[in-house]
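Report on the following structure.
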Amino acid sequence: MAKATGQSTRQKLAEKVDQLHNGQLMRSIFRPGSMFRRGYADSPRNRAYVVMNSLLYHLHPVKVKRHGIKLSYTLCLGGLSFFLFILLTITGIYLMFFYRPSVGEVYTDMQNLHTTVSFGLLMRNLHRWGAHLMVISVFLHMARVFYTGAYKPPREFNWIVGVILLLLTLLLAFTGYLLPWDQLAVWAVTVGTEMMKNSPVIGDQVQFALLGGPVIGPETLLRWYTLHVLFLPFIIVIFISIHFWRVRKDGGVSGPL
Amino acid sequence: MATPDEVFEQVLAEETAKGSSPAVAQARAKAARVRAQRGSKNPSVPDKSTAPAPARNPDAGGSAAAPAAQAESKPAAQAQSKPAAAATQAKPAAAAKPAAAAKPAAKPASGAPAKRAVGNGSGAVPERVQRLLAVVKPEAIQKVERQPMDRVNVWPHLMAAEMVALLVVLATVTIFSIAVDAPLRELSNFNQTPNPSKAPWYFLGLQELLRYFHPQVAGVTIPTVIIIALFAAPYIDRNPSTSPDTRKFAIVLFSFFMLTFAVLTIIGMFFRGPGFNFVFPWEGGIFFEL
Chain V
564 MAKATGQSTR QKLAEKVDQL HNGQLMRSIF RPGSMFRRGY ADSPRNRAYV
614 VMNSLLYHLH PVKVKRHGIK LSYTLCLGGL SFFLFILLTI TGIYLMFFYR
664 PSVGEVYTDM QNLHTTVSFG LLMRNLHRWG AHLMVISVFL HMARVFYTGA
714 YKPPREFNWI VGVILLLLTL LLAFTGYLLP WDQLAVWAVT VGTEMMKNSP
764 VIGDQVQFAL LGGPVIGPET LLRWYTLHVL FLPFIIVIFI SIHFWRVRKD
814 GGVSGPL
Chain W
820 MATPDEVFEQ VLAEETAKGS SPAVAQARAK AARVRAQRGS KNPSVPDKST
870 APAPARNPDA GGSAAAPAAQ AESKPAAQAQ SKPAAAATQA KPAAAAKPAA
920 AAKPAAKPAS GAPAKRAVGN GSGAVPERVQ RLLAVVKPEA IQKVERQPMD
970 RVNVWPHLMA AEMVALLVVL ATVTIFSIAV DAPLRELSNF NQTPNPSKAP
1020 WYFLGLQELL RYFHPQVAGV TIPTVIIIAL FAAPYIDRNP STSPDTRKFA
1070 IVLFSFFMLT FAVLTIIGMF FRGPGFNFVF PWEGGIFFEL
């Protein structure tokens, strides 16, 4: 008897799920061909729809050259750079909840991240190691593109966008380096900005504008924080969009060697 | 008032008389029939068709817009002469492609009078606003065939690979982050310079160069030259080949610079101790933090 009731409950539940799946709500959320729709079948048309009828279509075409998905050709480096950027955005936002960019509080906040904030240390570690890894992967991506000759026509302009992205990545890494406000951060940035002072004619002005004063101080912290969390990410997202768009407009991943 | 089928026959006859290819004539006749059908179903639609055709097509783009403007636009003027030639020669199947190519531009010249005639005949042809669905390059119609290429669906082939790569990297970074903590030294103190003071690792190559060159050369000139050279690389390297065998010089040059910078960076990371003097890491220890 009990078994029979269990069976019917399960059946009822299945029916409910079925109704929900076929209902207006689900069908309005998932466009035709979505693999989350009821009765998704693996057919050539649905394979095309999965990309075509979703936001993915802004990123990927329906089909790519078979050669283009070979791991040994791209090593996934461009995609991984982008993924690391997303990872850094997420962990960075988490860190922003607990970080005040003013000289009085910043170091306490850093210590709290290490000791009291839930997952604070893990998030900080992810952010820092992810950042180093992103610099490496962007560098390697550039090397891969060079060695495969992928900067040649019609992709010259996208190479330029890529170099801009490399520079922006370095700037993001460098501005983030100051934010812990410990001895390591402050003196590394001192060494880095001393180099810029040697620019001809405008050297002192460049350094003054970057530091917000003749030497690193409270203004520098706020300035670099704003650059790091708002200005540079904003700029890099624009260039990433152009970069991805041009990859497709220039014919996808460059041809076989 | 002509029935849709009569309109069809009429336009087909007109087009055939003009020398349009059978396919084009059929298509135009069918379009006219559809227009006539719609017109007869909606008698309430006011008849604007007596107005001159070009003025009624503001959205139709340069091709079908205005015969007056046509003389100014070069491609349209060229195309205009094509159907005339086709008409005199009355080529059968072989003429299909050029005629099709010339069609958009030639529309106002040949198609518009016919349309107007139809419009006058039926009396109730609704005017339609044309949508821009696609822009087709002139040569695209001739070159319909594409090089055969082995292509795969992004879903699932590429996206599955991407997901695997993403998870592998996420797992690696997470495990590394659990195992190794990011450094946090004591609070910054502007009166106490650590010895040695090192830049972040990606600038250590430049800091290393400072040991060998004047600061203006190492800190400004060399980075500027590198950046400009990177920007200009596709325009300097005119060799169209992508095969490693035929671009040895470019590969050797690039590898030389990459290796030089890697070596400089590694020296800066591990072989520089107090005072940024040379030490062996296995003797003096490592003076480096990420």
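Protein chains in written order, with the working numbering: chain V, 564 to 820; chain W, 820 to 1109. By construction, the Cβ of each residue, glycine as well, lies at the ideal position given by its N, Cα and C atoms. Bear in mind the structure is a predicted one, so any value in this text is a computation, not a measurement.
Outcome for residue i when other beta-carbon atoms lying within 10 angstroms are tallied against a minimum of 16
| i | result |
| --- | --- |
| Met758/V | buried |
| Gly712/V | buried |
| Trp722/V | buried |
| Gln770/V | buried |
| Asn1096/W | exposed |
| Val987/W | exposed |
| Ala885/W | Unreliable positioning characterises Ala885/W in this predicted model, as indicated by a pLDDT of 39, which lies under 50. The coordinate reading is nonetheless provided below. Classification of Ala885/W: buried, given that the 10 Å Cβ count is 16 or more. |
| Gly739/V | buried |
| Ile1105/W | exposed |
| Gly814/V | exposed |
| Leu831/W | buried |
| Asp581/V | exposed |
| Pro932/W | With a pLDDT of 45 at Pro932/W, under the threshold of 50, the modelled position of this residue cannot be trusted, and the question is left open. |
| Arg687/V | buried |
| Asn609/V | buried |
| Ala836/W | exposed |
| Ala954/W | Note on residue identity: the sequence assigns Val, not Ala, to residue 954/W. Answer is exposed; the Cβ neighbour count stays below 16. |
| Gln949/W | exposed |
| Met982/W | exposed |
| Ile994/W | exposed |
| Lys510/V | This structure does not reach residue 510/V, given that chain V is present from 564 up to 820, and the question cannot be answered. |
| Gln966/W | exposed |
| Met697/V | buried |
| Gly667/V | exposed |
| Leu820/V | exposed |
| Asp1064/W | exposed |
| Gly586/V | exposed |
| Asp672/V | buried |
Cross-strand partners of residue i (DSSP beta bridge)
| i | result |
| --- | --- |
| Lys626/V | Asn972/W |
| Asp605/V | DSSP output for Asp605/V lists no bridge partner at all. |
| Arg1091/W | Phe1097/W |
| Asp745/V | Leu1006/W |
Minimum C-alpha distance to residue i - residue among the options
| i | options | result |
| --- | --- | --- |
| Ala1051/W | Ile799/V, Val752/V, Gln770/V and Val726/V | Val726/V |
| Glu1108/W | Ile997/W, Tyr1021/W, Phe827/W and Glu825/W | Tyr1021/W |
| Asn1008/W | Gly780/V, Leu730/V and Thr679/V | Gly780/V |
| His704/V | Leu685/V, Leu728/V, Met686/V and Glu719/V | Leu728/V |
| Val853/W | Ala842/W, Val843/W and Phe827/W | Phe827/W |
| Ile1045/W | Met1077/W, Ala1018/W, Lys1017/W and Pro975/W | Met1077/W |
| Ala611/V | Gly602/V, Ser597/V and Arg601/V | Ser597/V |
| Ile902/V | Pro777/V, Asp767/V and Ile799/V | Since the first residue of chain V shown is 564 and the last is 820, residue 902/V is not available in this structure. |
| His677/V | Arg1057/W, Ala1069/W, Ala846/W and Val999/W | Val999/W |
| Phe1089/W | Val983/W, Ala1018/W, Arg1004/W and Glu825/W | Ala1018/W |
| Val1082/W | Ala1048/W, Thr1061/W, Glu1027/W and Leu1072/W | Glu1027/W |
| Lys760/V | Ala748/V, Val749/V, Leu774/V and Leu747/V | Leu774/V |
| Gly1024/W | Asn1010/W, Leu1003/W, Ala1037/W and Pro1013/W | Ala1037/W |
Per-residue contacts from residue i into chain B (C-beta, under 9 Å)
| i | result |
| --- | --- |
| Trp692/V | No chain B is present in this structure, whose protein chains are V and W. |
Please give the ranges of any alpha helix (DSSP H) in the stretch 977-1005 of chain W, keeping only runs that are unbroken, at least 4 residues long and fully inside the region.
978-998
Taking any Cβ of chain W, which residues in the stretch 739-763 of chain V have a Cβ under 9 Å from it, in chain order?
Tyr740, Pro743, Trp744, Asp745, Gln746, Leu747, Ala748, Val749, Trp750, Ala751, Val752, Thr753, Val754, Gly755, Glu757, Met758, Met759, Lys760, Asn761, Ser762 and Pro763
Residues in the stretch 1011-1025 of chain W having any Cβ partner in chain V nearer than 8 Å:
Gln1011, Thr1012, Pro1013, Ser1016, Lys1017, Ala1018, Pro1019, Trp1020, Tyr1021, Phe1022 and Leu1025
Contact list for the stretch 1066-1077 of chain W against chain V, Cβ threshold 9 Å
Those would be Arg1066, Ala1069, Ile1070, Phe1073, Ser1074 and Met1077, in chain order.
What residues in the stretch 989-1008 of chain W have a beta carbon less than 8 Å from any beta carbon of chain V?
Answer set for the stretch 989-1008 of chain W: Leu989, Val992, Thr993, Phe995, Ser996, Ile997, Val999, Asp1000, Ala1001, Pro1002, Leu1003, Arg1004, Glu1005, Leu1006, Ser1007 and Asn1008.
Under 8 Å (Cβ pairs) to chain V, residues found in the stretch 1079-1101 of chain W:
none
Curious, which full-length beta strand (DSSP E) runs of at least 3 residues does the stretch 609-688 of chain V contain?
626-628
Cβ-based contacts, 8 Å cut-off: residues of the stretch 660-687 of chain V near chain W:
Tyr670, Met673, Gln674, His677, Leu684, Leu685 and Arg687
I'd like the ranges of any alpha helix (DSSP H) spanning at least 4 consecutive residues and lying wholly in the stretch 829-865 of chain W.
841-860
What runs of the alpha helix (DSSP H), each 4 residues or longer, lie entirely inside the stretch 1006-1090 of chain W?
1023-1028, 1041-1055 and 1067-1089
Using a Cβ-Cβ cut-off of less than 7 Å, list which residues of the stretch 767-782 of chain V approach chain W; keep chain order.
none
At which residue ranges does the stretch 770-797 of chain V contain complete alpha helix (DSSP H) runs of 4 or more residues, listed in the order of the chain?
781-789
Cβ-based contacts, 8 Å cut-off: residues of the stretch 975-988 of chain W near chain V:
Pro975, His976, Leu977, Met978, Ala980, Glu981, Ala984, Leu985 and Val988
Mind listing which residues of the stretch 578-599 of chain V have their C-beta closer than 9 Å to chain W's C-betas, in chain order?
Met598
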